[in-house]
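Here the structure comes first, spelled out in structure tokens, and everything after it is commentary.
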Ligand SMILES: Cc1ncc(COP(=O)(O)O)c(C=O)c1O
């Protein structure tokens with residue numbers, strides 16, 4: 223069967239985070255992609271306004287990455303991940319340390335953002351224990367946070383629909399308030415001015431539980447999946463100060479903000495704040511092969527390197543941790559980013575992106591526009607009694623008009639590949655403008 227053949231029975235595949243019945247009545251199928259565009263099953267070009275799912279940062283089907291995967295598959299397809307090694311995983315780890323914020327010198331590999339989150343939380347708990355602080359078992363997340371879909375991630379995450387079906391989740395978790403404030407910060411360009419005091423809520427939570435019971439705090443530098451919630455200036459710095467003061471680890475979930483999305487290699491660079499642990503995935507391999515990487519400080523890593531040398535230091539890992547083909551894809555992706563300056567290209571385009579997005583202010587239904595680096599969001603007034611319907615309808619119309627956007631709640635979220643040109647930005651914005659004019 224050619225990969226351009228459209229299957230005629232869609233019932234077997236229970237699709238992830240998808241309105242399955244709606245989709246299967248009117249399927250939206252991509253069969254090919256190149257650079258900024260997808261090709262649909264009926265032969266139309268669709269401009270990628272979302273880098274796939276925030277992951278295809280270098281654009282689609284880039285030759286260097288494709289070739290690296292092909293030749294690695296032919297040379298060494300798989301090597302056992304436990305007690306054996308292969309050169310590419312070590313090379314990729316070294317290259318990641320080179321671009322990571324100073325001090326994050328060690329890398330654990332995973333296969334997704336969700337697994338990276340679980341790995342980070344487990345490292346944090348185990349670290350506290352190996353350094354003799356085993357009473358530090360609590361984890362603190364934030365409202366409206368997305369940390370993937372596994373149990374640790376949904377426990378520290380703050381999305382009600384992702385949590386409410388799954389019992390009691392992890393115990394000992396608390397949440398800080400989110401920083402989204404439409405009444406004070408609507409239509410901010412870049413960082414919103416109000417809300418730095420919300421970081422002090424962490425002090426309140428620490429007072430309630432006592433610092434000696436808390437292992438780590440996890441936040442996305444910019445919350446992506448819940449609609450691009452950008453922190454006010456100094457908010458993350460304040461979290462860093464508070465966590466440091468109380469011996470609590472700070473974890474940045476950079477699954478979206480990593481690999482150039484904000485115009486800097488990582489969100490940590492953008493905000494000038496270095497966490498103890500950094501969670502990444504998505505852009506690590508340009509979305510092409512599933513892979514995640516968790517970067518940790520030497521202090522954390524070294525604390526585990528004790529006891530008899532033949533004993534495993536950390537009882538955690540995946541069959542596919544540092545898989546050879548994923549590692550080859552990661553190396554080729556980082557080379558592509560370097561060669562084309564993509565880890566910082568977003569900074570050059572950010573002013574144009576900002577102006578283009580904010581030109582939608584005043585269009586029907588628009589109650590907020592937000593932007594940072596090459597990320598943007600347009601928040602719509604929900605239809606009374608039918609939340610999410612208006613934005614979903616914008617998503618379907620945009621697809622029909624040849625632009626892929628993403629919606630979450632009644633928020634349109636945008637994050638084009640970092641190879642985007644100004645003309646593409648114009649197309650994305652003007653297509654959305656046209657849709658807003660006719661949207662119910
Ligand atoms: C901040 C953040 N963490 C974790 C994840 C989960 O990643 P994955 O879907 O690869 O498991 C995502 C995915 O969007 C994310 O945005």
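In the numbering used here, the protein residues as written are 223 to 662.
Beta carbons: idealized from backbone N, C-alpha and C, even for Gly.
Taking the Cβ of residue 370 as the reference point, at least one heavy atom of ligand 1 falls within a distance shorter than 7 angstroms.
Beta-bridge partners assigned by DSSP to residue 630: 633. For residue 472, the three-state secondary structure derived from DSSP is strand.
Ranking 523, 417, 553 and 445 by CA distance to the CA of residue 456 puts 417 first. Contact annotation, residue 345 with residue 522: C-beta distance approximately 7 angstroms; criterion of less than 8 angstroms satisfied. C-alpha of residue 421 to C-alpha of residue 438: approximately 15 angstroms in a straight line.
Counting C-beta atoms within 10 angstroms of its own C-beta, residue 237 has fewer than 16 neighbours from the protein chains shown and is therefore classed as exposed.
Assignment of residue 601 by DSSP, reduced to helix, strand and coil, places it in the strand class. Residue 516 places its beta carbon less than 8 angstroms from that of residue 330.
If you check the CB distance, residue 280 and residue 640 come in under 8 angstroms. The alpha-carbon of residue 502 is positioned some 29 angstroms away from that of residue 408. Taking 7 angstroms as the cut-off, the C-beta of residue 442 counts as close to a heavy atom of ligand 1. For a cut-off of 8 angstroms, the C-beta gap from residue 572 to residue 485 is around 5 angstroms, short enough to register as a contact. A direct Cα-to-Cα measurement between residue 336 and residue 302 gives close to 22 angstroms. Every beta strand (DSSP E) of 3 residues or more that sits fully in the stretch 531-604 is shown, in chain order, as 588-594 and 597-602.
In this structure, the straight-line span from the alpha carbon of residue 271 to that of residue 642 is close to 9 angstroms.
In the structure shown, the three-state DSSP call for residue 245 is helix. Counting along the chain, residue 519 sits inside no alpha helix (DSSP H); it lies in the beta strand (DSSP E) bounded by residues 514-519. Boundaries of the alpha helix (DSSP H) harbouring residue 430: 423-431, taken from the DSSP string. By the CB criterion at 8 angstroms, residue 253 and residue 259 fall outside the cutoff. One Cα belongs to residue 394, the other to residue 611, and the distance between them is close to 36 angstroms. Taking 8 angstroms as the upper bound for CB-CB distance, residue 377 and residue 391 are in contact here, some 4 angstroms apart. Look at the beta carbons and you see the stretch 548-564 touching the stretch 309-326: at least three pairs across the two are nearer than 8 angstroms. 8 angstroms or more divides the Cβ of residue 359 from the Cβ of residue 538. Judged by DSSP in its simplified three-state form, residue 523 adopts helix. The count of Cβ pairs closer than 8 angstroms, one atom from the stretch 346-356 and one from the stretch 583-594, stays below three, leaving the stretches out of contact. In the structure shown, residue 335 falls within a helical segment according to DSSP collapsed to helix, strand and coil. Relative to the Cα of residue 546, the nearest Cα in the group 529, 512, 632 and 255 belongs to 512. Take residue 423, set aside five residues on each side of it, and the residues of its chain with a beta-carbon closer than 8 angstroms to its own are 398 and 399, in chain order. Residue state for residue 621 is assigned as helix, using DSSP reduced to three classes.
Assigned with DSSP and collapsed to three states, residue 376 falls in helix. Minimum Cα-Cα distance from residue 385 among the listed residues 402, 401, 442 and 365 corresponds to 365. At a threshold of 7 angstroms, residue 374 does not count as near ligand 1, since its beta carbon sits no closer than that to any of the ligand's heavy atoms. Note: residue 328 is bridge-paired with 518 in the DSSP secondary-structure output.
With fewer than 16 neighbouring CB atoms inside 10 Å of its own CB, residue 529 falls in the exposed class. Counting along the chain, the unbroken beta strand (DSSP E) around residue 397 starts and ends at 395-398.
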